Each structure stands twice: as structure tokens, then as C-alpha cells.
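J.:
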């Protein structure tokens with residue numbers, strides 16, 4: 001499984017993360033949940049069941065960009081993603 005990024009082009013943090021990944025030639029799948037109901041459902045299933053999002057939801061935030069690493073690990077931390085996937 002490749003790196004997956006959940007987000008939307010309406011989110012400045014998502015746009016920034018996408019630019020960083022592209023600049024560093026990191027291969028990823030971008031699931032923009034505003035483009036597809038299926039992508040939205042996939043993201044909400046994660047958001048509704050993963051403890052990673054508990055604090056995010058308490059703060060009234062969405063929790064994007066969200067990254068799923070090849071090993072299945074979920075993170076909201078772009079720096080962690082870069083540390084894990086860069087050669």
C-alpha cells in the first residue's frame with residue numbers, strides 16, 4: 001500500500017502538504033473527500049473510529065490533512081510522514 005493523504009483542495013494545510021510531497025518527489029495517493037462521496041465515507045470511517053481524532057474533534061477541527069503510511073499508521077503530522085518515507 002502506498003502513502004495515502006486524505007484532504008481537500010479547499011484546505012490550505014492540505015494544499016501545503018501536497019506541495020511538500022510533490023517537491024520531495026514522494027509518491028502518494030490523494031483522496032480528496034470533496035471530489036467523491038466514497039472518499040468522504042472512507043475518511044469519516046477513520047475519523048469516527050480512530051483515537052487519533054479524539055482531540056481534533058473536541059477542538060471542532062476536521063483532522064486534515066491526514067496521512068496513512070504504508071504500514072497502516074495514521075498521522076496528522078507531515079514532518080513524521082517525511083521522516084518515515086524519505087530515503
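Numbering (the numbering used here), first residue to last: 1 to 87. We treat Cβ as the ideally placed atom computed from N, Cα and C, and that holds for glycine. Since this is a predicted model, take the numbers as computed values, not measurements.
1) Rounding to the nearest angstrom, what Cα-Cα distance links residue 5 and residue 68 in this structure?
2) Taking residue 15 and residue 78 to be in contact with their CB atoms under 8 Å, please state how far apart those CB atoms are, rounded to whole angstroms.
3) If contacts are defined as beta-carbon pairs under 8 Å, then residue 33 and residue 25 qualify, I think. What distance do you get, rounded to the angstrom?
4) At which residues does the beta strand (DSSP E) containing residue 32 begin and terminate?
5) Decide if residue 73 is buried, meaning its Cβ has at least 16 other Cβ atoms within 10 Å, or exposed.
6) Report the rounded CA-to-CA distance for residue 85 versus residue 53, giving the unit in angstroms.
7) Can you tell me which residues form a DSSP beta bridge with residue 4?
8) Can you tell me where the alpha helix (DSSP H) with residue 54 in it begins and where it stops?
T.: Here's the rundown:
1) By 1-based counting over the chain shown, the position of residue 5 is 5. By 1-based counting over the chain shown, the position of residue 68 is 68. Approximately 6 Å, taken between the alpha carbons.
2) Position 15 of the chain shown, counting from 1, holds the residue named residue 15. Position 78 of the chain shown, counting from 1, holds the residue named residue 78. About 12 Å separates the two Cβ atoms, so there is no contact after all.
3) Here the question's residue 33 lines up with position 33 in the chain shown. Here the question's residue 25 lines up with position 25 in the chain shown. Not quite, the Cβ-Cβ distance comes to about 25 Å (not below 8 Å), so this is no contact.
4) In the chain shown, residue 32 corresponds to position 32, counting from 1. It spans 28 to 32 - the beta strand (DSSP E) in which residue 32 sits, taken as one unbroken run.
5) Against the chain shown, residue 73 aligns to sequence position 73. Exposed, by the Cβ-count rule.
6) As a position in the chain shown, residue 85 is number 85, starting the count at 1. As a position in the chain shown, residue 53 is number 53, starting the count at 1. One C-alpha to the other measures close to 22 Å.
7) Position 4 of the chain shown holds residue 4. Paired residue(s): 29 and 68.
8) Here the question's residue 54 lines up with position 54 in the chain shown. Element bounds for residue 54: 54 to 58.
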